[in-house]
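In terms of the numbering used here, the sequence shown opens at residue 2 and continues consecutively.
Cβ atoms here follow ideal geometry from the backbone N, Cα and C, with glycine treated the same way.
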Amino acid sequence: MVFSLSLYCFSPGLFRWGDYVRQTNPFSGQDRVEQDFTPTSRELACLYGLPPRPGQPPLLSSSHTSSSSESELTAANSIPNVAHFIFLQKLPLDHAGQGDFNFLSYLSVRSAIVSLKPTKVLLHYGYVGDEAHRSSEGDGADPLIRNNEWIERLRHDVEFVRHDGPLNSSLQHSEHLADKLRLEILLEHGGIYLDIDAFALRPFTHVLESPHPHDVVMGNEGGNRAGLCNAVMAARPNSTFVKRWLETYETADLNAEWNYHSVLLPKQLAGQHPDEICELPPDSFFWPTWTWRHVEWMHEPLDQADTRRWQKRIQRTGGSLFDNQLAYHAWSQMARDRYLRRLTPEVVRNEDTRFNLLVRRFIAEDL
């Protein structure tokens, strides 16, 4: 570990080459994640409208309703079109007092506002670190909301929900801090949850109409469908599936794992309780994947011909790279240092990559 950190600090190019070899060698397992796939009929039914169970009233999409009462029935039974994000800020604030909510975080929230047209967007936030307890003792201190320029731009479109409850500061991976919280939020409120590095590209119309008891909708991760990723998901309030999932955290040692509770376990639960969840094909939320080659493919420069071709594709699909794609997870854990860190409004507007073409429209005109 010490050797790896020293190599990164003093020779980042050599470190990155080593990371490339580690991820792309034939024994890395990334070929299995990248393998081709064909969406199943059940996955497509979840994506474009699943027929109701026998004896249940039909859950019709608005495009097929013939009366206002049918439309009202659909709305009443649908998963709420409410977008939830979670952001946990370490104290004291760095980046000149701005904190870590950055341009990409802003774009992620903007994507939900523009693409989903939700009834509301909730940014759930809290503070972690040695000074966090002081911020939650009633002194009114709220440095992230008060100081951050990107949050200021979202202020009129977003409701801010502060969480002062105990957060497990012993967790080695900060990503795990929000794993349980997102399930608690969906259990209570329902709606659409997106990680702060996930981008909604098109409306979730049919996904939200998944008929009861299929009260949770998740996307398969990877062409091998080894897991269901929790970075983007939708659920009705009081979902039985979410309750089952939450209960497993009571005895979990998250420091001893990376993605078991967030990706692998929900896949296992889906196999045991298939009537409680709708599984989407890999290209709905999580394609391209997190692998070295897929991340590179999203951020490689495009020539003029490729740029025009992908622009036409995005226009034809209504905002995405693929016909089934509703969202894109940017895999910041794998892409931050290589690509995401350098992105600014100017870079996204002026440099043509597949990623930039996807998210360019979410930048406000005055930026």
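To the nearest angstrom, how far is the alpha carbon of residue i from that of residue j?
i	j	result
Leu123	Phe86	6 Å
His262	Gln273	15 Å
Leu105	Val264	23 Å
Lys118	Pro204	7 Å
Leu61	Leu45	Any reading at Leu61 needs caution, since the residue's pLDDT is 41, under 50, leaving its predicted position unreliable; the model's value is listed next. Spanning the two alpha carbons is a distance of roughly 16 Å.
Val233	Leu184	12 Å
Ser116	Gly98	31 Å
Glu301	Pro212	40 Å
Tyr194	Trp246	15 Å
Thr1	Leu108	This structure cannot speak to residue 1, because the chain is shown only from 2 to 368.
Gln312	Leu358	7 Å
Asn231	Asn260	10 Å
Glu248	Leu187	14 Å
Leu303	Arg350	13 Å
Asp95	Pro40	44 Å
Glu71	Thr206	Interpretation of Glu71 is limited by its pLDDT of 46, a score under 50 that renders its predicted location unreliable; the figure taken from the coordinates is listed afterwards. About 16 Å.
Val208	Gln326	12 Å
Gly100	Gln90	7 Å
Tyr340	Val83	30 Å
Pro282	Pro275	15 Å
Arg310	Glu297	19 Å
Ser64	Gly319	A caution first: Ser64 carries a pLDDT of 41, below 50, which makes its placement in the model unreliable, though a value can still be read off. Near 17 Å, if we compare the C-alpha coordinates of Gly319 and Ser64.
Arg343	Glu153	21 Å
Pro346	Gln316	21 Å
Under DSSP, the beta strand (DSSP E) around residue i begins and ends at which residues?
i	result
Glu222	Val217 to Glu222
Val162	Glu160 to Arg163
His330	Ala328 to His330
Tell me the residue span of the alpha helix (DSSP H) that contains residue i.
i	result
Tyr261	Looking at the DSSP string, Tyr261 is not in any alpha helix (DSSP H), and its letter there is neither H nor E.
Val349	Pro346 to Asn351
Phe356	Arg355 to Val360
Asp307	Gln305 to Thr318
Gly272	Leu266 to Gln273
Thr241	Thr241 to Glu248
Val340	A quick correction: the sequence has Tyr, not Val, at residue 340. It is not in any alpha helix (DSSP H) - Tyr340 carries neither H nor E in the DSSP assignment.
His300	Trp293 to His300
Trp151	Glu150 to Leu155
Asp180	Leu178 to His190
Glu35	Gln31 to Glu35
Glu44	Ser42 to Tyr49
Ser333	Ser333 to Ala336
Could you pull the DSSP bridge partners for residue i from this structure?
i	result
Gln90	Tyr128
Val372	The displayed coordinates of the chain run from 2 to 368. Any statement about residue 372 would go beyond what the structure contains.
Lys121	Val83
Ala201	Ala328
Cys279	Val218
Gly228	Glu222
**Segment contact flag, the segment 180-199 with the segment 331-338, C-beta cutoff 8 Å, min 3 pairs** = yes
**Asked** Does the segment 270-287 come close enough to the segment 216-234 to have 3 or more Cβ pairs within less than 8 Å?
**Response** yes
**Asked** How do the segment 148-157 and the segment 238-245 stand: do at least 3 beta-carbon pairs fall below 8 Å, yes or no?
**Response** no
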